[in-house]
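So the structure is just underneath, and the comments pick up after that.
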Ligand SMILES: [Zn+2]
Ligand SMILES: [Zn+2]
C-alpha cells in the first residue's frame with residue numbers, strides 16, 4: 400500500500416510503497432477513512448529528531464489524527480466488527496499505569512519508556528490506506544458520524560476540549576476567554592466547543608484576517624489581529640479592563656505567550672496548548688495575582704467520546720480542506736504557508 404512517510408529527520412515526507420499491516424494478537428487494522436494534518440507535524444518534520452521522540456528512528460508513516468473502518472481484528476479482539484466505523488485515539492500509552500487506567504493515555508506515567516508516542520508519532524500513522532492499532536482500548540465507535548468528520552475531532556477537537564474542560568469553573572456568565580490562533584485547525588474547534596459548553600465572551604486572536612473570519616463564522620464574538628501593536632490593549636478593553644478569565648494559547652511562540660500574559664486576568668488560567676516552544680518569563684511581577692500557567696497535551700479517551708458526542712448532536716463540526724494521499728506532500732507546504740482553511744485532511748481511499 401501507499402504511505403506518506405518521514406524517511407529522515409528534518410526532511411520532506413515521501414510517498415512510499417510499504418507492506419499492508421497484519422494485526423497480531425490483540426491488535427486491529429483500520430481502513431483509513433481520513434487522516435488529519437496537524438501543525439505539530441510541521442514541528443516534527445522541520446525540527447524534531449530521535450532525541451525529541453524516545454530515540455525513534457524513521458521511517459514511519461505520518462498522521463496522528465485518524466478515523467476509518469475496522470479492516471481486520473487480531474486474535475482475541477472482541478467487541479468490534481469488521482466494517483464498523485471508529486475514531487482512533489492518538490496518544491498510545493502503556494495501558495497499565497494509573498493514568499492509562501483512567502483513559503488519560505496522553506499522560507501515561509511510562510511515557511519515557513514507551514517505544515514511541517502513537518501512530519504518526521514514531522509508530523506508523525494514518526496517512527496510508529491502512530493503520531495498525533495496537534489495542535482495542537485505543538478505538539472509539541463512531542455511531543452515525545462519518546470517519547472524515549470524526550478524524551479531525553481526535554486531535555483538533557480533543558486537544559482544545561481538554562484544555563477548556565479544565566477551566567470550565569472559570570467560564571461562567573460574564574466571563575471572557577481569549578483564543579490565540581483561533582483561525583487554525585484547533586482554534587476554530589476551540590471556538591465551537593466554547594460556544595457549545597459555556598456562555599463566555601469569546602475573543603479570537605489570529606495573525607490573519609482570514610483566520611479571524613473563520614473564528615467569527617464559527618461563533619467567536621470578537622476578533623483581534625495579533626500583529627496589531629495594540630492587541631493587548633484592545634483585548635483588555637473587550638474584557639472591561641480586567642483581562643480574561645482564561646487565555647488559550649494554541650500557538651505557544653514568544654509573541655503569543657507575551658500577549659497571553661498581558662491579557663490574562665487576576666486568578667485566571669493561561670493555558671499553553673501550542674508547541675512552538677516559545678519562552679514565557681515568569682516572576683512575581685510578570686502577570687496578575689493568582690494566575691495559573693499550565694501546558695496541556697491532547698485529552699483522554701473519555702473526553703474523545705464526549706467530543707464525538709458533541710459532533711453527533713451537531714454542536715461542533717470541523718471545517719475541512721480535503722487532499723488525496725498523492726497531494727499530501729504539497730499539502731504540508733500549504734499548511735506551512737498558512738494557506739489551509741480549517742483542518743487539512745488526507746483521504747487515502
Ligand atoms: Zn496534532
Ligand atoms: Zn501508561
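In the working numbering, the protein residues as written are 400 to 748.
Just so it is clear, CB atoms sit at the ideal spot from N, CA and C, and this is done for glycine as well.
For the stretch 456-523, the full-length alpha helix (DSSP H) segments reaching 4 residues or more read 497-500 along the chain. Shown in chain order are the residues whose CB sits closer than 5 Å to a heavy atom of ligand 1: 437, 439 and 554. Distance from the Cα of residue 531 is smallest, within the candidate group 465, 599, 679 and 502, for 465.
Taking 7 Å as the cut-off, one finds at least one heavy atom of ligand 2 near enough to the beta carbon of residue 495. Secondary structure at residue 621: strand, using DSSP grouped into helix, strand and coil.
Inter-segment contact for the stretch 508-523 and the stretch 707-717 is absent: fewer than three beta-carbon pairs are separated by less than 8 Å. Out of 605, 483, 734 and 637, the CA that lies nearest to the CA of residue 581 is found in 605. Under the DSSP assignment, residue 590 falls in the alpha helix (DSSP H) whose first and last residues are 584-596. Note on geometry: alpha-carbon atoms of residue 618 and residue 468 lie some 32 Å from one another.
Here DSSP, grouped into helix, strand and coil, assigns residue 641 to coil. When the five nearest sequence neighbours on each side are left out, the beta carbons in the same chain lying within less than 7 Å of the beta carbon of residue 537 are those of 487, 488 and 491, in order along the chain. Take the alpha-carbon of residue 592 and the one of residue 421: they are about 37 Å apart. In the three-state reduction of the DSSP assignment, residue 403 falls in the strand class.
Assigned with DSSP and collapsed to three states, residue 653 falls in helix. One Cα belongs to residue 484, the other to residue 740, and the distance between them is close to 26 Å. DSSP, reduced to helix, strand and coil, places residue 430 within a strand of the structure shown. Excluding its 5 nearest sequence neighbours in each direction, residue 408 has C-beta neighbours in its own chain below 6 Å: 448, listed in chain order. A distance below 8 Å separates the beta carbons of residue 673 and residue 648. The Cβ neighbour count for residue 600, taken over all protein chains shown within 10 Å, is at least 16; the residue is labelled buried. The beta carbon of residue 462 is closer than 6 Å to those of 434, 519, 524, 525 and 526 in its chain, skipping five residues each way along the sequence. Looking only at 589, 578, 583 and 547, the smallest Cα-Cα distance to residue 561 is reached by 589. In this structure, ligand 2 has a non-hydrogen atom nearer than 7 Å to the beta-carbon of residue 492.
When DSSP reads this structure, residue 712 sits in no beta bridge, so it has no partner.
DSSP places residue 661 within a helical segment (H, G or I) once states are collapsed to three. DSSP places residue 438 in the helix class (H, G or I) of the three-state scheme.
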